[in-house]
Amino acid sequence: MLNVQTNELQQGATKLGGALNPHKVAAKDVSVYYGEKRALFDVTVNIPDRGVMAFIGPSGCGKSTFLRCINRMNDTIPICRVTGKITIEDEDIYDPSLDVVQLRARVGMVFQKPNPFPKSIYENVAYGPRIHGLAGSKAELDHIVETSLQRAALWKEVKDRLNDPGTGLSGGQQQRLCIARAVAVSPEVILMDEPCSALDPIATAKVEELIDELKQNFCIIIVTHSMQQAARVSQRTAFFHLGVLVEEGATNDIFTNPNDQRTQDYITGRFG
Amino acid sequence: MTVDTAPMATEALDSPRSKQAMKARIARRYAAERRFRAYGVAAILFGLTFLVALFSTIMVRGYSAFLQSAFTLDVHLDPSAFGSTTPPSETDIRMADYTKLANRALFQALGVDPANKADARAASQLLSQNADVQIRKTVEADPTVIGKSVQLSLLAHGNVDTLMKGHFDRSVPENRRQLSDKQLGWLDKAAEAGLLGKHFNTGLFTYGASSKPESAGVGVALVGSLYMMAIVLLIAVPLGVAAAVYLEEFAPKNLLTDTIEVNINNLAAVPSIVFGLLGLAIFINFMGIPRSAALVGGLVLALMTLPTIIIATRAAVAAVPPSIREAALGVGASKMQSITHHVLPLAVPGILTGTIIGLAKALGETAPLLMIGMVAFVVDFPTTPLDSATALPVQIYMWATAAERGFVERTAGATLILLAFLVCMNVTAVILRRRYERRW
Ligand SMILES: Nc1ncnc2c1ncn2[C@@H]1O[C@H](COP(=O)(O)OP(=O)(O)OP(=O)(O)O)[C@@H](O)[C@H]1O
Ligand SMILES: [Mg+2]
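In the order they appear, the protein sequences are chains A and B. Residues -19 to 252, numbered by my numbering, are exactly what the first sequence covers, in order. Residues 124 to 563, numbered by my numbering, are exactly what the second sequence covers, in order.
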């Protein structure tokens, strides 16, 4: 079952770019303003496909702001203004002709606080595929729900109570349900904003395992406050400070041999 | 307070002085809490006392309105009263002298000599002037009864009803009472023989306005109120919910929408009579809808209820956590989908509660209806919303100004009916709120 969806995805990717594009998401000179206040300063970064990119940095440095630019969630904040250019598969996502709803189907998001719909577990996962018409029949929808829950490592725990409310699960289960919900629409990119900040170490380990799994098929961008987590799950890391992207590179290099003094200070715990 | 705590910091925490001070502070805190609880209980008791007093007065005054005195008589439907043709024509049935038939039955039952004009008149005064209508309706419903005797329960006159309910003072000199000694004698005998008794007053729910208390009821007013509530539901709910959702979810936040918001809040506080004036000017004088039609009343009440529904809906929509919206948008739902699939279903209990409370307020509203001329004396049931109609609270208002004992108890009785409706609606609101309350 897993293979089916993988193949579909690969076909989809081949259709879009021929060969796999090394840079799934590319941002160039992205600045964000909340009213008069500037929250991001000319961020330029390339994010590879099939891998995990971690954003780290002290609180309030603009990690979430940047993350929310990638699925244009910032559009929902009236005072927020974005300049610069972000492309996914060489397609400008701020192009006026682009449909933002379609974009959000391609770029899934997992939020800091688990936010399942107050509906059944099944409905939580089935909602996305249903509104996008991804399933032609009930059986297909069941299949999508099952695969998504399996991918989110939740299937075993909930398969006997798919009709129970999603809000009745534990915090960690809820977060995995949210991941299943995001995965269900087969996005190309998954954004995760501190997905483990509300979870205990065991649940965190589960989610991290899951991220490791998912990176085979998706481009994952994760915001985290835990340096260890960034080191564990990501291949590349970007360090933000006061709205500026200070440094970006292979995770190993960033943690062992940073170029910038500020990065050095942050990872050694001198501030932040 | 700061004076209290400032030295604390410098003092050793376990010194006897600071321990004492702490004990005193704790005692004061407990005392303050106890005092506050006592005030709260006192306030609730005070309110409850008034509520109990109010309800018990209305009940004591009104319960008797649900009983009505009637004579149980064998009425002989003499064929000669229905003209010469057999079977009698419709006109004959309509024009027949039913009063005479009713009186004849009564005289026979009471043993009154019809030849004695004074006695006959005195006896005939004991029957309601509506008794003929009752017989006519029976005959109209089934003309084959003509020529037979039927046992009917004919309404007694209002004065008899007063006597039966024990509100009649026999010690007043005969020439100043409504019933003479002779009449009292007949009535006592009839009551003893079981010919005269109190029955459940179905007429209260089926009759319309009448100048005779015994044949007056809230039926017509209930239908009028029902029409108006239906109109309020049809107009105010969709408009109010749409307006609230637009304002809360779509409208840009600027001076214009701020002004609108302030105005809506103000409208909710505008005295209802102002809406009556508005309705008079717009619906009746400008649009030419007939006066005292249920349509006008419904429109006016809808206008009045609109702000309540908008405010309740906005509050309910705003209470849906933003994380739910983000979750929906995050999987690629459009704004409209996130609202219709997630926000509105979660807001439904709040919207329903607001709607029901608005409806309940509209149901009890009198002033604006007086303004648009709904004080008409309506005997017949309105069949369309354009017919003359009246409403339950207006009916109460009209009865409250009448002097007869029968109307006084009907005023209280109708108030009880109105209160029963209001309580039902509010209980429904509470149940709905409980049932659909969700955690997220
Ligand atoms: N909706 C908003 N309106 C105005 N300013 C905002 C808004 N959201 C974020 N900001 C500002 O933008 C800056 C960056 O915020 P952002 O949420 O991106 O930080 P962050 O790096 O995610 O921090 P944290 O690690 O605490 O989540 C902050 O200074 C914040 O005050
Ligand atoms: Mg953040």
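Cβ coordinates follow ideal geometry from the N, Cα and C atoms, glycine included.
8 Å Cβ cutoff, residue i in contact with chain B
{"i": "residue 56/A", "result": "yes"}
{"i": "residue 93/A", "result": "yes"}
{"i": "residue 2/A", "result": "no"}
{"i": "residue 38/A", "result": "no"}
{"i": "residue 175/A", "result": "no"}
{"i": "residue 221/A", "result": "no"}
{"i": "residue 89/A", "result": "yes"}
{"i": "residue -8/A", "result": "Caution applies to residue -8/A, whose pLDDT of 42 falls short of 50 and renders its modelled position unreliable; the model cannot decide the point."}
{"i": "residue 76/A", "result": "no"}
{"i": "residue 178/A", "result": "no"}
{"i": "residue 207/A", "result": "no"}
{"i": "residue 81/A", "result": "yes"}
{"i": "residue 138/A", "result": "no"}
{"i": "residue 161/A", "result": "yes"}
{"i": "residue 97/A", "result": "yes"}
{"i": "residue 23/A", "result": "no"}
Own chain partners of residue i with C-beta closer than 7 Å, once the 5 adjacent residues on each side are dropped
{"i": "residue 374/B", "result": "380"}
{"i": "residue 438/B", "result": "473"}
{"i": "residue 105/A", "result": "125, 128, 129, 160, 161, 164"}
{"i": "residue 109/A", "result": "115, 121, 124, 164, 165"}
DSSP state of residue i mapped onto helix, strand, coil
{"i": "residue 229/A", "result": "strand"}
{"i": "residue 161/A", "result": "helix"}
{"i": "residue 18/A", "result": "strand"}
{"i": "residue 272/B", "result": "strand"}
{"i": "residue 26/A", "result": "strand"}
{"i": "residue 145/A", "result": "strand"}
{"i": "residue 486/B", "result": "helix"}
{"i": "residue 465/B", "result": "helix"}
{"i": "residue 320/B", "result": "strand"}
{"i": "residue 13/A", "result": "strand"}
{"i": "residue 412/B", "result": "coil"}
{"i": "residue 514/B", "result": "coil"}
{"i": "residue 278/B", "result": "strand"}
{"i": "residue 141/B", "result": "helix"}
{"i": "residue 205/A", "result": "coil"}
{"i": "residue 57/A", "result": "coil"}
{"i": "residue 112/A", "result": "coil"}
{"i": "residue 249/B", "result": "coil"}
{"i": "residue 200/A", "result": "strand"}
{"i": "residue 393/B", "result": "coil"}
{"i": "residue 312/B", "result": "helix"}
{"i": "residue 498/B", "result": "coil"}
Residues of its chain near residue i, where Cβ-Cβ distance is below 8 Å and the 5 sequence neighbours each way are ignored
{"i": "residue 543/B", "result": "none"}
{"i": "residue 54/A", "result": "12, 45, 48, 60, 62"}
{"i": "residue 329/B", "result": "340, 342"}
{"i": "residue 545/B", "result": "483, 486, 487"}
Spatial neighbours of residue i in its chain, beta-carbon cut-off 6 Å, leaving aside the 5 residues before and after
{"i": "residue 432/B", "result": "359, 363, 477, 478, 481"}
{"i": "residue 6/A", "result": "26, 67"}
{"i": "residue 456/B", "result": "none"}
{"i": "residue 211/B", "result": "205"}
{"i": "residue 244/A", "result": "238"}
Continuous beta strand (DSSP E) stretch holding residue i: start and end
{"i": "residue 260/B", "result": "No beta strand (DSSP E) holds residue 260/B; the alpha helix (DSSP H) holding it covers 254 to 264."}
{"i": "residue 192/B", "result": "190 to 199"}
{"i": "residue 172/A", "result": "169 to 173"}
{"i": "residue 299/B", "result": "Segment: none, residue 299/B is in no beta strand (DSSP E) and carries neither H nor E."}
{"i": "residue 87/A", "result": "87 to 90"}
{"i": "residue 218/A", "result": "216 to 221"}
{"i": "residue 235/B", "result": "First-last for residue 235/B: undefined, no H or E at that position."}
Terminal residues of the alpha helix (DSSP H) in which residue i lies
{"i": "residue 65/A", "result": "No alpha helix (DSSP H) contains residue 65/A, which is instead part of the beta strand (DSSP E) from 60 to 68."}
{"i": "residue 35/A", "result": "First-last for residue 35/A: 31 to 36, but that is the beta strand (DSSP E), not the alpha helix (DSSP H)."}
{"i": "residue 73/A", "result": "That residue, residue 73/A, is in no alpha helix (DSSP H); it is neither H nor E in DSSP."}
{"i": "residue 50/A", "result": "43 to 50"}
{"i": "residue 545/B", "result": "528 to 559"}
{"i": "residue 579/B", "result": "Residue numbering for chain B in the displayed model covers 124 to 563; residue 579/B lies beyond these limits and cannot be assessed."}
Proximity test, Cβ basis, 8 Å: residue i and chain A
{"i": "residue 288/B", "result": "no"}
Amino acids of chain D, ordered along the chain, whose beta-carbon sits closer than 8 Å to that of residue i
{"i": "residue 85/A", "result": "The structure shown contains no chain D; its protein chains are A and B."}
Inset, instruction - Select from the region 446 to 478 of chain B all residues with a C-beta closer than 7 Å to any C-beta belonging to chain A, and list them in chain order. - result: 446, 447, 449, 450, 452, 453, 454, 455, 456, 457, 460, 465, 469
Inset, instruction - Output, in sequence order along the chain, the residues in the region 101 to 133 of chain A whose CB is closer than 8 Å to any CB in chain B. - result: 107, 108, 111, 112
Inset, instruction - Below 8 Å between beta carbons is the criterion; list the residues of the region 362 to 376 of chain B that meet it against any residue of chain A, in chain order. - result: 375, 376
Legend entry - Interface residues of the region 220 to 241 of chain A facing chain B [CB-CB below 7 Å]: Contact annotation: in the region 220 to 241 of chain A, no residue has its CB less than 7 Å from a CB in chain B.
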